[in-house]
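Novice: My questions will all concern the structure given below.
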Amino acid sequence: MSKTSYIYGINTILESLNYNSELFIEIYIKENSDNQRFKEIVALTEEKNVPLKKISKSRLDKMTATSKNQGLAALIKRKEKFNSKTAIKYLDTIRNPLILILDGLEDPRNIGACYRTANASGVDMVVIPKNRVNLDSPVLSKVSSGASELTNTAYVSNLSNFIKALKKNGIWICGSSDSALTNYNEIDFNQPIAIIVGSEEKGIRYLTEKNCDYLVSIPMKGPVNSLNVSVACGILLYEAIRQRLYI
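Using my numbering, read the sequence shown as starting at 838 and increasing by one per residue.
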């Protein structure tokens, strides 16, 4: 049976509804609202044949666990998650896979932003250590604009062993590290590759770093010597896309 979760916010629901309407079970709009953008939502639900219900603001707030839901929520079916074995099997079917591994990230806002970038850049799979992240978080879903529900995700029990399995299957491993001497744009991303980003506080973990084929850094000129992890993630992924599309 598919798991379900709530997402909320106008942009999140509009983007998700346009991209993958079959995941929607029902949409909920605040009753007696005069928000003009709701007309667009209503028209789209009719076009996509998605049930729509008007409910009170108090019910919406309880449903989404926040009052900042813009008067709109949806109950959706989540995509099935991969485990270590099924992820490797799936990636074997992709000709030139691009993978994003989130090592040690816990803030749902950062994870959501990474998901949004990953989905926009065509990442084939996002990999997350099991039991560290709650993907059912409405905050994560809103920040990702629904991308966390629409992107292939693998929950792995032992990240170090999973990385070794990727390498065994011909996938190169590229880790991001502030202390690395190699510039990120010196690496060939037009090959089967997994890009790893770590938490802003600690970076990628020792065992993860030990299993990397490449360690790269992003050059910085100003006095601040670190980037938000989602910004670093975007720079690395779009270098991969640039190489794959234009080189």
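The beta-carbon is built from N, C-alpha and C at its ideal position, and this holds for glycine as well. It should be emphasised that the depicted structure is a prediction, and the values quoted were computed from it without experimental measurement.
Classify Val-1034: buried if its beta carbon has 16 or more other beta carbons within 10 angstroms, exposed otherwise.
Specialist: Indexing the sequence shown from 1 puts residue 1034 at position 197. Buried, by the Cβ-count rule.
Novice: Whole angstroms are fine: how far does the CA of Leu-1003 sit from the CA of Asn-920?
Specialist: Here residue 920 refers to the residue found at position 83 of the sequence shown. Here residue 1003 refers to the residue found at position 166 of the sequence shown. Cα-Cα distance, rounded: 13 Å.
Novice: For Lys-918, which residues from the same chain have a beta carbon less than 6 Å from its beta carbon, with the 5 sequence-adjacent residues on both sides left out?
Specialist: If you number the sequence shown from 1, residue 918 lands on position 81. Closer than 6 Å at the Cβ level, and outside the excluded window around Lys-918, lie Thr-990, Tyr-992.
Novice: For Thr-901 versus Gly-983, is the C-beta distance shorter than 9 Å?
Specialist: Numbered from its first residue, the sequence shown carries residue 901 at position 64. Numbered from its first residue, the sequence shown carries residue 983 at position 146. It is not a contact, given that the beta carbons lie outside the stated cut-off.
Novice: Go through its chain and collect everything with a Cβ distance to Ser-978's Cβ below 6 Å, but skip five positions before and after it.
Specialist: Here residue 978 corresponds to residue number 141 of the sequence shown, with the count starting at 1. Counting only Cβ-Cβ distances below 6 Å, and skipping sequence neighbours, we find Ile-844, Ser-985.
Novice: Could you check how far apart the C-beta atoms of Ala-910 and Leu-889 are, in whole angstroms? I think they sit under 8 Å.
Specialist: Residue mapping note: residue 910 aligns to position 73 of the sequence shown, counting from 1. Residue mapping note: residue 889 aligns to position 52 of the sequence shown, counting from 1. Not really, about 11 Å apart at Cβ, beyond 8 Å.
Novice: Do you know offhand how far Ala-1069's Cα is from Val-963's?
Specialist: Against the sequence shown, residue 1069 aligns to sequence position 232. Against the sequence shown, residue 963 aligns to sequence position 126. Each residue's Cα considered, the two are about 15 Å apart.
Novice: In terms of residue numbering, what span does the beta strand (DSSP E) encompassing Phe-919 cover?
Specialist: The residue you call residue 919 lines up with position 82 of the sequence shown. Unbroken run through Phe-919: none, as it is neither H nor E.
Novice: How would you call Asp-929, buried or exposed, if buried means at least 16 neighbouring beta carbons within 10 angstroms?
Specialist: Position 92 of the sequence shown holds residue 929. Flag for Asp-929 reads exposed.
Novice: Look up Val-1061 in the DSSP assignment and say whether it is helix, strand or coil.
Specialist: Your numbering for residue 1061 matches position 224 in the sequence shown. If DSSP states are grouped into helix, strand and coil, Val-1061 belongs with coil.
Novice: Say whether the stretch 873-893 touches the stretch 936-946, bearing in mind that this needs 3 or more beta-carbon pairs closer than 8 Å, one atom from each stretch.
Specialist: Counting Cβ pairs under 8 Å, fewer than three are found: no touch.
Novice: For Ser-895 and Ile-913, I'd like the C-alpha separation in whole angstroms.
Specialist: For this step, residue 895 is matched to residue 58 along the sequence shown. For this step, residue 913 is matched to residue 76 along the sequence shown. Going from the Cα of Ser-895 to the Cα of Ile-913 covers about 20 Å.
Novice: Going by CA-CA distance only, name the one from Asp-944, Ala-950, Ser-994 that's closest to Asn-971.
Specialist: Here residue 971 refers to the residue found at position 134 when the sequence shown is read from its first residue. Selected option, being the one with the closest Cα: Asp-944.
Novice: Are Arg-915 and Lys-840 close, meaning C-beta to C-beta below 9 Å?
Specialist: Stepping through the sequence shown from its first residue, residue 915 is reached at position 78. Stepping through the sequence shown from its first residue, residue 840 is reached at position 3. Result yes, Cβ atoms of Arg-915 and Lys-840 sit closer than 9 Å.
Novice: Tell me whether Leu-854 sits in a helix, a strand or coil according to DSSP, three-state version.
Specialist: The residue you call residue 854 lines up with position 17 of the sequence shown. Helix, per DSSP.
Novice: Which class does Cys-951 belong to by DSSP, given the choice of helix, strand or coil?
Specialist: On the sequence shown, position 114 is the one that residue 951 refers to. Cys-951: helix per DSSP, three-state reduction.
Novice: Whole angstroms are fine: how far does the CA of Thr-903 sit from the CA of Ile-1072?
Specialist: Counted from its first residue, the sequence shown places residue 1072 at position 235. Counted from its first residue, the sequence shown places residue 903 at position 66. Distance between the alpha carbons of Ile-1072 and Thr-903: 32 Å.
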